[in-house]
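As you go down the protein sequences, you meet chains H, D and E in turn.
Going by this note's numbering, the first sequence opens with residue 842, and the numbers climb by one from there.
Going by this note's numbering, the second sequence opens with residue 48, and the numbers climb by one from there.
Going by this note's numbering, the third sequence opens with residue 9, and the numbers climb by one from there.
C-beta atoms are modelled at their ideal positions from N, C-alpha and C, and glycine is treated no differently.
One structure below.
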Amino acid sequence: MEGLNSASRAWAIQVQGLTKSLGSHLTLRGIDLEVRQGEFVVIFGPNGAGKTTLIKVLATIMNPSSGRVLVDGLNLKNDAEEIRRRIGVVTHQTFLYSNLTAYENLEFYCRMYDVPRGKERIDEVVAIVGMTSRLYDRVGTLSRGMQQRLSIARSLLHKPAIMLLDEPETGLDQQAISMLREALQTEREGKRTIILTTHSLERGLELGDRLLILDKGKIVYEGSRQALDLAGLKQAYQHSTRVGA
Amino acid sequence: MRFWRKVIAIAWKDTLSEVRTKETVSSVLVFTLLVIVIFNFAFGTSQETMVLVAPGILWVTFAFAGVLSLNRSFILEKEEGCLEGLMVCPISRETIYVGKLLGSLLFMLVIEAIALPIFAFLFNLVLSLQLVVITVLATVGFVTVGTLFSALAVNTRAREMVLPILFLPIVVPVIICAVKASGLALSGEPWGSLSSWLQIIVAFDAIFLVVSFLVFAFVIEE
Amino acid sequence: MKKNILLGLSFVLMVIALYLVFVYVPTEKEMGIVQRIFYLMVPLGWLSLLAFLIVFIGSILYLAKRESKWDILASSSAEIGIVFTTLALITGSIWAKPIWGVWWTWEPRLTATLVLWLVYLAYLIVRSYATDEERGARFAAVVGIVGFIDIPIVALATTLWRGMHPGPIIFQGGLAPAMLLTLLVSIAAFTFLYSVLLIQKVSMKNDEMEMKRLKELHS
């Protein structure tokens, strides 16, 4: 595996044999995954499949129980801090402090991410998500949809090469969802690598280059949007939605 | 240098949040004053008794107020997954520990700065530099283990109960020494007689700053 | 087989110790019969500390290596340790009564033992109130480490607090040879008892864990 180091720059994410147990429950049971730079991968699966756990491991929030994870060529075990510099994370929780204004929240994260010329950058990301008019309002006074938009803005502050999104469409209206799609692709000359989990199959088919189905901690289906094996997909989909939560 | 900048950013964020709502500051302050007043009724009015029990009352009050304030420290981060938001930033876990510690320290010192003069007024005592030094040193001791345990307790099923059960036994040495030293300070004793008590508090501060710093990552990981 | 030998040895030692404590050793001049509690109190106090030392070591190894066996060692020792600490407090209190005339006194050793008891309690409570088992083990390990480091500081503070010189806190003056022998045998017997109990508990918990693991694999 070491020989792949020079070639690994082409890979945004490499996962080998990833397992994760939470308590006595084995949430991820041996995941092997490779994502190229610039790919848009959608991970679909029922509740309890392990989607959130997988995102958390990639985001360095959780440590793997076993297996090897490389993000942007860096090993999760040794270079977690450097990895965090290159990823943007959006989940259904916004990571925003409700007592502070949108501006203060973004300013805080600019400091955490060492974003140069913070004020300008904040104006930029806020324009991308269409929240300029509410910049100085307290986050607690914003609607759920606006908070989620702000969360997306937050995740873009440091222009990450890789985005990890865990069911980001919760709370977003249709307009915001198309905004999300645009937002994900802005400002990257080479496209951004994106990993998005969802439990809406149509969303997945709409957005991604590649679709994965995760069920009970294992990848049960993998296919690109072009060469979609509809029969196999249907079978895996029905199986997981019948048997899953 | 980057470490300190981010630590201060975290402490500042906490302070700003508190200044905005003032909810914890006011509730802890009211609690503190109520406890002092009630103890006053509990112990009667003779001045000799007052001088004897004053240090004890002061530190029981500060210990309980400490529990209240420390509880809030990580409850703030539970909302909207903000702790995960911090864990996803390119900072070490220890940066989070020191940042939260500074925020709690500042908070508690503000409470104490208000409570001490009132305490002196109600108990007819003289505040001195000695008392201030004792308070600062003991409070540092409180927040070193308190921040660690706050992060721990917030992830348990009965967080309001778990934090005092963890915190109070561990800080017993700080309370013992603070009470003794405060008693001596209020009687106008010179620095020399306080020194052994202060030394223990300082040792506690140093030891548990290091230990908590090393162990914090294990508490917040998932 | 080995377990039975240890159990047998422990039983024999305990019988010998009890004989020494209640029959052999001469009654002490000043305190009378109650003084015999001393030969139980000291070993119990010593074991409370030893048990927590094992908790400390198990906790460090668990956090370093994440192998359940270390957590099992730590938690088993804690469960046994709190029992010994409770007994230490009770015997300490019984021993203190003739000297100070009250059932409880805030003398340094008792106070420090009480704080140790509270730390054991905190360790066990954190385990049961954590949201899941792995967290419980991790949190308890943290408490084990912080608690153990705290104990010497507590002992120092309580000793100074009562105006006593920190120094040898067990023996005041020498002990007659018969008394020394009784004390040492008693300490040995209790240490054996602790080891036997610990081994029993650890193997029981290991078996439980194995069963759980097998169940999980088959689901």
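For Arg877/H, there is no enclosing alpha helix (DSSP H); the enclosing beta strand (DSSP E) covers residues His866 to Arg877. Secondary structure at Arg74/E: coil, using DSSP grouped into helix, strand and coil. Considering only beta carbons, the part of the region 937-971 of chain H lying closer than 8 Å to chain D consists of Leu937, Tyr938, Ser939, Asn940, Leu941, Glu945, Phe949, Tyr950, Arg952, Met953, Tyr954 and Asp955, in chain order. Around Leu863/H, the beta-carbon contacts reaching into chain E at under 8 Å are Asp140 and Glu142. With a threshold of 16 other beta carbon atoms within 10 Å, Tyr137/E meets it and is buried. A Cβ of chain H is located within less than 8 Å of the beta carbon of Ser139/D.
With respect to Ile88/E, Tyr202/E sits close: the two C-beta atoms are nearer than 8 Å.
For Asp1007/H, the secondary structure class from DSSP, reduced to helix, strand or coil, is strand. The DSSP-derived three-state label of Val966/H is helix.
Within a 10 Å sphere around the beta-carbon of Glu65/D sit 16 or more other beta-carbons, which makes this residue buried.
Phe86/D and Leu169/D have their C-alpha atoms spaced approximately 11 Å apart. DSSP lists no bridge partner for Ser1019/H. Bridge pairing for Ala138/E: Thr203/D [DSSP]. In this structure, the alpha-carbon of Leu937/H lies about 52 Å from that of Thr113/E. Close to Leu867/H, with beta-carbon spacing below 7 Å, are these residues of chain E in chain order: Glu224. If you compare the alpha carbons of Tyr977/H, Thr1034/H and Ile1018/H with that of Asn946/H, the shortest gap goes to Tyr977/H. With a 10 Å radius around the Cβ and a threshold of 16 neighbouring Cβ atoms, Pro164/D comes out exposed. Residue burial annotation: Ile107/E is exposed, with fewer than 16 other C-beta atoms found within 10 angstroms of its C-beta. The beta-carbon of Thr194/D is placed no less than 8 Å from the nearest beta-carbon of chain E.
Using a Cβ-Cβ cut-off of 8 Å, Arg926/H is close to Pro137 of chain D, given in chain order. For chain D, the residues of the region 895-918 of chain H that bring a beta carbon within less than 8 Å of one of its beta carbons are Lys897, Ala900, Thr901, Ile902, Met903 and Asn904, in chain order. The shortest CA-to-CA distance from Leu233/D to any of Val183/D, Ala200/D, Val173/D and Ser240/D is the one to Val173/D. Taking a Cβ-Cβ cut-off of 7 Å, the neighbours of Ala56/D in chain H comprise Phe949, Arg952 and Met953, given in sequence order.
Around the C-beta of Ala205/D, fewer than 16 other C-beta atoms lie within 10 Å, and the residue is accordingly described as exposed. For Phe881/H, the uninterrupted beta strand (DSSP E) run begins and ends at Phe881 to Phe885, by DSSP. For the region 155-173 of chain E, the set of positions with a beta-carbon nearer than 8 Å to some beta-carbon of chain D reads Gly155, Ile157, Asp158, Ile161, Val162, Leu164, Ala165, Thr166, Leu168 and Trp169 in chain order. Beta-bridge partners assigned by DSSP to Arg143/E: none are found. The region 973-1001 of chain H contains, as complete alpha helix (DSSP H) runs of 4+ residues, the segments 985-997 (chain order). Here Val173/D carries a coil assignment [DSSP, helix/strand/coil]. In the DSSP annotation of this structure, the continuous segment of the alpha helix (DSSP H) that includes Lys53/D starts and ends at Arg49 to Thr68.
Assigned with DSSP and collapsed to three states, Trp103/E falls in helix. CA-CA distance, Glu126/D to Gly152/E, rounds to 29 Å. Following the DSSP letters along the chain, one finds Gln94/D inside the alpha helix (DSSP H) bounded by residues Gln94 to Lys125.
Put simply, the CB of Ile153/E is near chain D, with a gap under 8 Å to one of its CB atoms.
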